[in-house]
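First up is the structure itself, then whatever we jot down about it.
Numbering (the working numbering), first residue to last: 420 to 767.
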């Protein structure tokens, strides 16, 4: 696909969006010079034939304009009336030369180094997922459905089964015919009852039976997974995260509308973008799902499985602060094997 001659950069406090032939979501707050360097990678020839439209806070947009014009781009800034801040403050004057050198370095090596996603000091907080997803429609501007470069999940926005991965499965879980849909934000508890005690008059000499471990079913917008007791679900930007007693582990769930995009096109684009990111490693791919692994620069590891059901992209991922433990891997396996989706229309 030919890259358009206009590249649009939209900067908000939580994400930076670059619209080219594909729309990329950057969650790592790139600075002005880094954004220009990234745009250089997205074009096929002389920057003089391209226009960058920058929608950001005035000072931040001015810095982007300065760096872009030095590289030969034409630049047009979109006026903001609401004073919405950008994701990054413009660098001080003494740092501008360093950012210029960063652009030159990017041009020389031909690729971007992965952004550092450090853990927060707050216990249990893990960051840095990269998740390829189909872009959600904006309420203020119309976009063609495309894939994003996100926090993760970056190219698409980084979790999963490591030693016993989903690569051993033929395909991701399918909708079970006739099953009732999950109730939004529901949590179901199930405990297998202990067998009844013997009615024999003889004295009981055997140890009492131990009931099976309790589990919970977490459901959100039709997607549900079964996890060990203690996990709870909460919103996490455009996804949901399930966390339990282990502060070094979390499960991520995401549902993204394809807006009519064929499933095979979505999966091919995810595969392409995963292959372009140095942090990501393709684990398994077939005509129904893509599985990939992330080795983040902060030492954490994540693995995602994404597939399409009923016109939506479903993503289930696991993220461990360090190399995943046996318990964490088993929890991931449990989540993947139990994942089930019921389309909203099926509930009617």
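Ideal Cβ placement from N, Cα and C applies to all residues, glycine included.
C-beta atoms of residue 725 and residue 702 nearer than 8 Å: no
What does the Cβ neighbour count give for residue 755, buried or exposed, with the cut at 16 atoms within 10 Å? buried
Bridge partners of residue 736, per DSSP? 671, 723
Ignoring anything shorter than 3 residues, give me the beta strand (DSSP E) runs that lie fully in the segment 441-468, in order along the chain. 442-445
Reducing DSSP to helix, strand and coil, say where residue 478 ends up. helix
State the start and end residues of the unbroken alpha helix (DSSP H) segment that holds residue 748. 745-757
Compute the Euclidean distance between the alpha carbons of residue 430 and residue 473, then round it to the nearest angstrom. 8 Å
Would you tell me roughly how many angstroms separate the C-alpha atoms of residue 669 and residue 492, rounded to the nearest one? 42 Å
Is the beta carbon of residue 646 closer than 8 Å to that of residue 634? yes
Short Cβ contact (8 Å threshold) for residue 642 with residue 758: yes
Taking the alpha helix (DSSP H) that residue 684 falls in, what are its first and last residues? 682-695
Proximity winner among 458, 716, 640, 715, relative to residue 734 (alpha-carbon distances): 640
Simplified DSSP state of residue 715, which is helix, strand or coil: coil
Endpoints, beta strand (DSSP E) assigned at residue 660: 658-662
Suppose contacts are defined by Cβ-Cβ distances below 8 Å. Is residue 698 in contact with residue 714 by that definition? yes
What residue does the beta strand (DSSP E) around residue 700 start on, and which one ends it? 699-704
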